[in-house]
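Notes follow the structure.
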Amino acid sequence: MRELTFAEALGEAMLEEMSKDPTIFTYGEDIAKQGGIFGAYKSLLGKFPDRVIDTPISEEVLLGSALGAALAGMRPVAEFHFADFLFTGMTAVTNQIMKFRYMTGGQAKVHLVLRGPDGITRSGAAQHSESIETLFMHIPGIKIIVPSTPYDMKGLFKTALKADDPVICFEHKKLYETKGPVPEEEYYIPFGVADIKRQGTNVTIVSTSRMLHESLTAAEYLQKEGIDSEVIDLRTLVPWDKQTVLNSVKKTHHLIVAHETWKRAGWGAEIAATIQEEAFSYLEAPILRVGAKNVHIPFSPKLQDFVVPDHENVASAVRKVLRG
Amino acid sequence: MRELTFAEALGEAMLEEMSKDPTIFTYGEDIAKQGGIFGAYKSLLGKFPDRVIDTPISEEVLLGSALGAALAGMRPVAEFHFADFLFTGMTAVTNQIMKFRYMTGGQAKVHLVLRGPDGITRSGAAQHSESIETLFMHIPGIKIIVPSTPYDMKGLFKTALKADDPVICFEHKKLYETKGPVPEEEYYIPFGVADIKRQGTNVTIVSTSRMLHESLTAAEYLQKEGIDSEVIDLRTLVPWDKQTVLNSVKKTHHLIVAHETWKRAGWGAEIAATIQEEAFSYLEAPILRVGAKNVHIPFSPKLQDFVVPDHENVASAVRKVLRG
Amino acid sequence: MKYSKNFLLGLYRTMVRIRSFETKAEELSLKGEVLGYVHLYIGQEAIATGAMANLSKEDYITSTHRGHGHMIAKGADIGKMMSELYGKVTGYCRGKGGSMHIADLSIGVLGANGEVAGGLPIASGAGMAIKIKKTDQVVVAFFGDGASNRGAVAEAMNWCAVFKLPVIFIAENNHFASTWKEQTTTGKSITDRATGYNIPAVSVDGNDVIAVYEASMHAVDRARRGKGPTLIEAETYRIKGHYVGDKDQMYRNKKEVELYWQKEPIGQFEKKLTEMNLLTAAEKYKVWNDAAKEIDKAVKFAQQSAWPPVESALEDLFADATYCID
Amino acid sequence: MKYSKNFLLGLYRTMVRIRSFETKAEELSLKGEVLGYVHLYIGQEAIATGAMANLSKEDYITSTHRGHGHMIAKGADIGKMMSELYGKVTGYCRGKGGSMHIADLSIGVLGANGEVAGGLPIASGAGMAIKIKKTDQVVVAFFGDGASNRGAVAEAMNWCAVFKLPVIFIAENNHFASTWKEQTTTGKSITDRATGYNIPAVSVDGNDVIAVYEASMHAVDRARRGKGPTLIEAETYRIKGHYVGDKDQMYRNKKEVELYWQKEPIGQFEKKLTEMNLLTAAEKYKVWNDAAKEIDKAVKFAQQSAWPPVESALEDLFADATYCID
Ligand SMILES: Cc1ncc(C[n+]2csc(CCOP(=O)(O)OP(=O)(O)O)c2C)c(N)n1
Ligand SMILES: Cc1ncc(C[n+]2csc(CCOP(=O)(O)OP(=O)(O)O)c2C)c(N)n1
Ligand SMILES: [Mg+2]
Ligand SMILES: [Mg+2]
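Just so you know, the protein sequences line up as chains A, B, C and D, in that order.
Using my numbering, read the first sequence as starting at 5 and increasing by one per residue.
Using my numbering, read the second sequence as starting at 5 and increasing by one per residue.
Using my numbering, read the third sequence as starting at 110 and increasing by one per residue.
Using my numbering, read the fourth sequence as starting at 110 and increasing by one per residue.
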């Protein structure tokens with residue numbers, strides 16, 4: 005199968021759906037003239053001049069206008085530039101977009117997509133490195149996609165572009181350049197369906213995005229030690245595929261949840277709390293979580309590596325849970 | 005002992021500390037001329053005209069200016085009016101206040117307090133009823149106080165006013181008018197020390213704020229059924245008193261966490277995930293969480309009652325955890 | 110006057126219907142039948158009425174926390190409004206929204222808003238949609254003098270100016286932001302704010318329905334012709350408390366309030382119409398009486414409507430909520 | 110000219126030191142020794158230099174993502190700066206901040222900022238503190254033309270005007286917001302934004318250090334006398350890419366960039382000083398040479414400094430972190 009980068013897969017999803025649906029338009033800071041800071045919109049360069057729009061640095065209107073445009077019949081795709089800058093327009097998301105349909109008793113379909121990069125780079129430091137998907141899982145009203153491969157990126161994003169509800173998509177900065185197979189034929193990936201990226205019998209590792217790859221790497225190392233890991237990619241957090249995780253845990257009796265965002269009150273806690281509740285008697289050891297330490301992302305590379313988890317942290321957690 | 009309302013206790017804390025420390029000042033929307041919308045500043049009416057300040061409706065500057073004032077040597081106390089409107093200035097909190105000291109390598113003490121009402125009223129609806137303390141537990145950089153009684157309100161707040169770190173205080177709207185004993189003598193309550201508000205042997209209920217009272221009510225009902233509950237008030241969420249909860253669970257072998265905020269990815273998940281990790285072998289049943297359902301707070305009273313938990317939800321969870 | 114009697118009486122009728130609705134809402138809120146926070150539009154009726162007289166159902170508006178007048182002037186069903194204020198299932202939002210979240214998408218009302226200035230980004234987005242779809246719709250975004258200090262207002266003005274969006278900003282300057290009179294707003298007039306964005310701006314007497322109508326007419330016309338946004342400041346005065354229940358009002362002088370009751374828009378317009386022999390005592394009586402009857406019917410409808418079933422609390426978050434709620 | 114040679118050469122020296130630092134930072138960033146995103150101040154040296162010449166260590170500034178020039182002009186240690194850019198433990202932020210979070214609280218720099226316009230609320234708060242403490246300090250808040258479209262800027266201008274705070278807003282209009290030239294900013298000049306807040310505003314040639322110095326002098330003087338904020342727009346041009354690594358710059362014309370290299374502030378000032386016989390070739394050589402030596406020393410210091418110990422990553426979040434980190 006042909007290979008695309010993660011960025012190209014996103015671009016292709018946009019191109020295909022925009023070609024079919026004239027109500028889709030996309031806008032944000034520095035997207036039209038240079039195809040996005042991480043190149044995600046290179047495929048759109050020179051196309052759809054009315055529907056690929058550079059905007060002022062005005063995040064509250066940037067995000068809030070997506071709601072207005074959706075209510076007026078369009079399907080806006082607003083880029084938030086860096087996940088950290090969702091905060092400069094946060095009220096438009098949490099108080100408006102995520103509440104509108106509910107507050108008005110279901111009067112409108114709020115079909116809009118917010119998307120952009122999250123996660124670490126090399127030395128992005130505290131204000132350009134955050135992963136804040138947990139916030140949108142806690143507060144109700146938006147669906148969350150967190151793809152880990154070009155294949156998932158394209159398929160999930162195409163679904164988002166057809167969805168009748170608000171969707172937020174977090175694209176990890178370190179994934180944009182990664183390559184993977186993407187079929188020529190059109191396909192859509194439904195929300196709420198996890199993908200078992202590796203089958204195994206001893207332990208279940210639940211992850212997403214960059215940490216999914218770290219988990220797969222950890223699984224390789226662990227295999228050499230005789231530990232057979234099942235690695236589940238949730239792919240979407242709202243909704244999240246509880247059943248697949250439960251089934252796996254009932255088989256492996258051990259669970260690790262691994263994400264890049266802070267461990268404390270991160271979404272791993274939700275998975276852990278839910279699974280211990282629903283599969284209590286199947287668990288042979290406590291569920292362990294792997295996540296960033298409770299500080300901000302520091303600038304200096306070794307500090308960053310220490311704060312943010314990688315495959316070694318996943319592997320240690322697995323060893324701990326299996327060997328005590 | 006004399007009784008004060010929760011609002012009076014807060015007012016007294018402010019009055020005492022402002023009288024001693026000329027660097028404390030407080031500001032927000034509609035606080036100076038009418039003593040705050042929930043009357044928390046009635047005790048300050050007419051006092052400290054330079055240090056009790058009404059402001060424009062400009063939440064980003066309202067919140068962000070607290071950082072600037074702290075860096076310039078003051079101890080600002082900024083009122084956020086409604087927890088929901090933290091979002092209109094959220095970036096000032098998450099990107100500035102909570103990161104400043106860390107990003108600058110510890111160059112400054114960021115002594116500031118953000119405070120205001122959260123939680124439900126009767127028909128406040130989706131934009132005036134939120135509890136969002138979990139966000140500040142997830143993202144590092146601010147200490148969180150969530151008092152449940154006038155005594156705790158005063159003691160914790162006095163500590164906040166002397167702290168050298170950012171503190172956010174959530175005061176539940178339904179608590180302002182509640183009364184409780186407050187000694188005449190000055191006292192401070194340290195952060196990170198839970199208060200066992202009721203001793204018990206069969207089950208541990210961890211809670212805060214309004215839900216603490218619902219948990220105590222539930223405990224009364226349960227006592228009649230022969231269930232003896234221990235009710236722990238965490239009082240602060242960053243830091244939270246893990247040891248007290250662990251000790252209790254090792255005794256009762258059963259744990260319920262109850263909060264008003266959404267159950268999904270709420271702070272109850274953090275408590276549950278941590279305790280199952282650290283007291284796995286002591287647990288005789290899964291930890292259950294009680295929280296709001298995953299929708300917004302609806303306007304109509306019966307809908308609100310259905311979405312937001314009360315003592316009955318706590319009691320059912322206890323029964324379920326003890327009886328299966 | 111260059112307007113037909115029919116047209117003028119139409120404006121009058123709308124203002125009276127708003128006033129009557131609000132007077133009743135106040136009474137019912139004090140009684141505890143109407144629930145939640147209620148911010149009355151009394152004294153500002155000329156603004157919604159004058160502005161909306163230029164709009165059709167296809168045009169959009171974004172409203173505020175003080176939004177009943179906007180809804181009524183845009184053509185909302187008073188029964189569904191009242192029922193929503195009661196929290197009943199027949200209300201506009203099936204009892205989920207209440208006064209501060211009332212909306213009627215079918216007539217272009219993109220929501221009241223519990224967040225001050227929260228409507229302006231939404232209005233900007235509706236404007237973007239219109240521009241891309243190339244229709245001749247317009248959007249009117251209402252906000253208060255207090256709201257004008259929120260960053261969202263500045264962002265929205267610049268945004269709409271940059272893209273030449275068909276958005277009309279109407280600042281209802283009632284000189285209060287809850288307890289504060291003016292002191293938190295700088296600039297000589299809110300229209301000065303438009304200068305920085307190269308937006309034409311005009312200040313009008315917000316208690317004069319014709320003045321508001323005409324100013325809006327020009328702005329709407331400009332917007333429909335693709336010339337971009339306009340800011341209108343409508344000067345008025347908040348003669349009622351900030352919300353029902355704001356009793357003491359220690360922050361202002363009772364005399365001042367009495368003074369402004371003399372200038373309220375309906376009385377002024379009645380006087381003008383009477384002087385022009387366009388409104389007889391009988392006609393006046395009929396307008397008020399019709400309004401009263403309509404409101405009574407609405408109240409009865411609300412009272413007799415059912416509470417929403419509790420399970421409906423879990424509906425309406427998503428169009429497709431599969432596995433998203435539990 | 111009414112200024113002493115000493116004073117003028119001081120300004121010149123500061124500009125040269127900034128330029129030299131930035132040129133070296135660019136080189137080292139391309140080499141990968143300096144880490145993270147680096148936004149160069151090259152071409153804007155006159156603004157930081159002219160403004161800061163009015164300030165003392167006790168005065169505050171808030172800086173931007175393009176903040177090296179502000180730091181140096183305010184009197185920062187170049188060694189600690191370079192070391193921070195390397196992520197070393199001897200850096201200003203112990204390697205935790207990098208270019209975008211550099212700060213020196215001891216000389217009143219309340220931080221660079223990775224968030225566009227993020228400094229303005231902070232500056233407003235420092236202004237409040239000064240007003241309450243009744244000292245004669247001032248605050249200078251720098252921001253870009255792109256930043257001027259964020260709501261925070263409008264909120265801060267109104268806020269500082271309402272409370273008459275000693276805050277000077279300096280808009281560095283380099284005509285670019287990353288890839289965008291002007292098109293996202295309306296208004297004829299950023300000074301027009303001040304009208305809405307009744308703030309005096311002036312536009313100056315930001316490549317003329319004396320012009321910036323004088324405009325700031327008046328604003329600072331006004332602020333010290335308790336008269337409130339001023340907005341200064343300093344017109345300049347971003348002759349380098351948005352950040353080191355912004356190579357193609359498809360969004361602009363190479364010719365335009367060359368043109369503006371003719372107008373860059375140091376060359377202009379050198380010419381002026383030379384014409385006035387205040388700068389000999391030897392003096393000029395010495396200034397550049399001293400700067401180069403200082404920078405070399407700084408680089409060596411950075412290179413020879415240790416990496417921060419990993420455990421230090423868990424420090425500095427709180428003054429008292431008991432039970433807060435784990
Ligand atoms: C973002 C936000 N901040 C604060 C509030 C609380 N609040 C509600 S109305 C109001 C005053 C609004 O004044 P103005 O915009 O002039 O409207 P008016 O009430 O005069 O109609 C305030 C502060 C809010 N609802 N939203
Ligand atoms: C709130 C926020 N939005 C977006 C960005 C990304 N960003 C960094 S610099 C920049 C352009 C800033 O332009 P301007 O304010 O004119 O400053 P200049 O780069 O020209 O110095 C943008 C969009 C950011 N850092 N912060
Ligand atoms: Mg007002
Ligand atoms: Mg610029």
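C-beta: ideal position from N, C-alpha, C; glycine also.
Quick caveat: nothing in here was measured; it's all calculated off a predicted structure.
Starting from residue i and walking both ways along the alpha helix (DSSP H), at which residues does that stretch end?
i                     : result
residue 312 (chain C) : Per DSSP, residue 312 (chain C) belongs to no alpha helix (DSSP H); it is in the beta strand (DSSP E), 310-314.
residue 152 (chain A) : It is not in any alpha helix (DSSP H) - residue 152 (chain A) carries neither H nor E in the DSSP assignment.
residue 104 (chain B) : 102-107
residue 91 (chain B)  : It is not in any alpha helix (DSSP H) - residue 91 (chain B) carries neither H nor E in the DSSP assignment.
residue 236 (chain B) : Taken as a continuous stretch (DSSP letters only), residue 236 (chain B) belongs to no alpha helix (DSSP H), being part of the beta strand (DSSP E) at 233-237.
residue 269 (chain D) : 260-271
residue 128 (chain D) : 114-140
List the residues of chain E that residue i touches, going by C-beta distances under 7 Å, in chain order.
i                     : result
residue 431 (chain C) : Considering every chain present, this structure includes no chain E. Its protein chains are A, B, C and D.
Taking the alpha-carbon of residue i as reference, which of the options has the nearest alpha-carbon?
i                     : options                      : result
residue 67 (chain B)  : D:426, D:229 and D:404       : D:229
residue 117 (chain B) : B:51, B:196, B:304 and B:31  : B:31
residue 212 (chain A) : A:174, A:224 and A:158       : A:174
residue 160 (chain A) : A:18, A:229 and A:177        : A:18
residue 114 (chain A) : A:81, A:120, A:127 and A:131 : A:81
residue 351 (chain C) : C:343, C:121 and C:253       : C:253
Quick one: using the 10 Å Cβ neighbour count with 16 as the cut-off for buried, is residue i buried or exposed?
i                     : result
residue 390 (chain C) : exposed
residue 3 (chain B)   : For residue 3 (chain B) there is no data in the structure shown, the boundaries of chain B being 5 and 328.
residue 221 (chain D) : buried
residue 414 (chain D) : buried
residue 203 (chain A) : exposed
residue 201 (chain D) : buried
residue 217 (chain D) : buried
residue 185 (chain A) : exposed
residue 431 (chain C) : exposed
residue 289 (chain C) : buried
For the beta strand (DSSP E) holding residue i, just list the boundary residues, first then last.
i                     : result
residue 282 (chain C) : 276-282
residue 195 (chain A) : Unbroken run through residue 195 (chain A): none, as it is neither H nor E.
residue 92 (chain C)  : Because chain C is modelled from 110 through 435, residue 92 (chain C) falls outside the range shown and cannot be assessed.
residue 208 (chain B) : 207-211
residue 249 (chain D) : 248-253
residue 260 (chain A) : 259-266
residue 122 (chain A) : 117-122
residue 183 (chain A) : 183-185
>> By the 8 Å beta-carbon criterion, what residues does the segment 143-175 of chain B contribute toward chain D?
In response: 144, 145, 147, 167, 168 and 169
> Are the segment 283-296 of chain D and the segment 280-300 of chain C touching, with three or more C-beta to C-beta distances below 8 Å?
Replying inline: no
>> Taking contact to mean 3 or more Cβ pairs, one atom from each stretch, closer than 8 Å, check whether the segment 19-33 of chain B and the segment 185-198 of chain D are in contact.
In response: no
> Which residues, in chain order, does the segment 104-131 of chain A contribute to contact with chain B at a C-beta distance below 8 Å?
Replying inline: 106, 107, 129, 130 and 131
>> Check whether the segment 305-313 of chain D and the segment 339-356 of chain D are in contact - that is, three or more C-beta pairs closer than 8 Å.
In response: yes
> Taking Cβ-Cβ distances below 8 Å as the criterion, which residues of the segment 273-303 of chain A are in contact with chain D?
Replying inline: 297, 298, 299, 300, 302 and 303
> For the segment 193-227 of chain D, which residues have a CB atom closer than 7 Å to at least one CB atom of chain B, in sequence order?
Replying inline: 201, 202, 203, 205, 206, 210, 212, 214, 219, 220, 224 and 227
>> Pairs of beta-carbons, one from the segment 42-55 of chain A and one from the segment 134-150 of chain C, closer than 8 Å: are there three or more?
In response: no
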